[in-house]
Each structure stands twice: as C-alpha cells, then as structure tokens.
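Read through the structure below, which is laid out as structure tokens, and then see the notes.
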Amino acid sequence: MRALLQRVTEAEVKVEGQKIGSTGAGLLILICAMAGDRLDAGKMNKSIMDIGGSALVVSQFTLAADTKRGNRPGFSTAAFPDEGRALYEYFADGLAQAGVPVETGKFGADMKVSLINDGPVTIWLDTAEGK
Numbered sequence: 063m064r065a066l067l068q069r070v071t072e073a074e075v076k077v078e079g080q081k082i083g084s085t086g087a088g089l090l091i092l093i094c095a096m097a098g099d100r101l102d103a104g105k106m107n108k109s110i111m112d113i114g115g116s117a118l119v120v121s122q123f124t125l126a127a128d129t130k131r132g133n134r135p136g137f138s139t140a141a142f143p144d145e146g147r148a149l150y151e152y153f154a155d156g157l158a159q160a161g162v163p164v165e166t167g168k169f170g171a172d173m174k175v176s177l178i179n180d181g182p183v184t185i186w187l188d189t190a191e192g193k
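Residue numbers (my numbering): 63 to 193.
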C-alpha cells in the first residue's frame, strides 16, 4: 500500500460537482493499494489520534506510477480494482474503528480534490519499503 499524507487546515473531494467528503484540520490521505497487498498483512493499522484531527481518505491509483522507462508512467504495480476497493475500504474503516472521524472519496471516480496544506507537511508511506 502506498499513502501520501498531507496535513491540512481543510480539504474536500467532489464527484461530478457534488461534494462527497471533507475534513477540517487534520489529514488528507491519498491511498493506492498495490499488487500483492492483503487485508491481513497488518501494515495498515496506523493511527492519527495523536493529532486529534479527522481524515479525508481518497483513492489515487496513480500513486503506483512507475516512471523508470519511457515517457509515460506505467501502473502495473497497482492492485486490480476489486482488490484495491477492498483495501481502500479496509483502510478507511480501520481509521474509523480507531476513533478517527473519517470521510472518503469515491473509489474509481474522477474526483476534484481541494485542500489547504498546513506547513506544508507531506509524508510518503510505502508498505513495500517496510515503513
């Protein structure tokens, strides 16, 4: 799983002009399930309780981009859509079960995400790197 965490003062996600999720001060978490990720891997149990904020979780398969060859990125390392959706929902549900207020984007949709970075603070997490 790859995740890009951005500390925000606010963020929202829209699909077809309709706002479907938002957060105040907290984190915008962009998520990409990778091929080989499993629900039982135990690598997605991170908490944001320390900041006392909320989270807006948005799927973004382009985090799997491989730019090592050619002019166009490849996405073959991303999980297949059914697996990706299950892992995305598992991640968001895990945050909610930990007591984090969570809103989500819509998996697979063309979304417009707006945010106001705080800092800016952006953190890259990749379970394949053991971090």
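All C-beta atoms, glycine included, are put in the ideal place defined by N, C-alpha and C.
Under the three-state DSSP convention, the category residue i falls into
i	result
residue 161	coil
residue 128	strand
residue 108	In this prediction, residue 108 has a pLDDT of 41, which is less than 50 and means its spatial position is unreliable; nothing more can be read from the coordinates.
residue 176	strand
residue 99	coil
residue 189	helix
residue 143	helix
Check whether residue i and residue j have beta carbons under 8 Å apart
i	j	result
residue 73	residue 164	no
residue 169	residue 119	no
residue 177	residue 80	no
Boundaries (first-last residue) of the beta strand (DSSP E) holding residue i
i	result
residue 69	64–77
residue 117	116–121
residue 84	80–85
Exposure of residue i, with buried meaning 16 or more beta-carbon neighbours within 10 Å
i	result
residue 138	exposed
residue 70	buried
residue 160	exposed
residue 106	Residue confidence for residue 106 is low, a pLDDT of 39 falling below 50, so the modelled location carries little weight and cannot support an answer.
residue 135	exposed
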